[in-house]
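First up is the structure itself, then whatever we jot down about it.
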Amino acid sequence: MNDGEGRSKTRDEIDVLWDDLGAFVRRLRTKRHDHKLTPSQIQALGHLDRQGPLTAKALAKFERVTPQSIAKTVAALEEQGMVTRRADPSDGRAALVTMTELGTSTLHEDRTKRTQWLAEVIDAECTEAERDLLLIAGRILR
């Protein structure tokens, strides 16, 4: 196989990987049918959980979305009691978004359910070597 054929095969494999990742994400989303939060809201809570209080601008940067988009997400989370906003002591023009106890418990419940489901699937379908490869792939996909 020459270099051109190798690249073509790799691209075909990557196309399949994209399809597989899409199917995986769809399956994972079906596991959250009993939640009142959207994937964007869960993701925003995850960043707040890992980073601590953030301005909306910083949260938008982590999420790779527009400030307008994150403003809608934060407003919905605040309306549901998942986050609060308060003045940023270092910049009076900005507000810090902070998780509430309800936001923390909701996020941890969601993570527990997703982790349990994924662990069961991996245990049932993968060898130990495949599990190790999945963990490596996860680091690459970040």
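According to our numbering, the sequence shown is numbered sequentially starting from 315.
For glycine and all other residues, C-beta sits at the position ideal for the given N, C-alpha and C.
C-beta atoms of E432 and L359 nearer than 8 Å: Per the sequence shown, residue 432 should be read as Leu rather than Glu. Annotated as distal: L432 and L359, with beta-carbon spacing of 8 Å or more.
Beta-carbon contacts of A385 that lie in its chain and below 7 Å, excluding the five residues immediately before and after: If the five residues before and after A385 are omitted, its C-beta is found closer than 7 Å to the C-beta atoms of A370, all from its own chain and listed in chain order.
Assigned exposure category for M315 - 16 Cβ within 10 Å defines buried: Summary for M315: the model assigns pLDDT 46, below 50, so the residue's position carries little reliability, and this model does not support an answer.
Cβ pair count under 8 Å reaching 3, the segment 380-396 against the segment 408-419: With a cut-off of 8 Å, the segment 408-419 and the segment 380-396 count as touching, because enough Cβ pairs lie within range.
Neighbourhood of I328 by C-beta, 6 Å cutoff - its chain only, sequence neighbours within 5 removed: Cβ within range, chain order: n/a, list empty.
Reference Q365, options G406, D326, L410, closest by Cα: L410
Length-filtered (3 minimum) beta strand (DSSP E) runs lying within the segment 409-444: none
Cross-strand partners of T369 (DSSP beta bridge): L410
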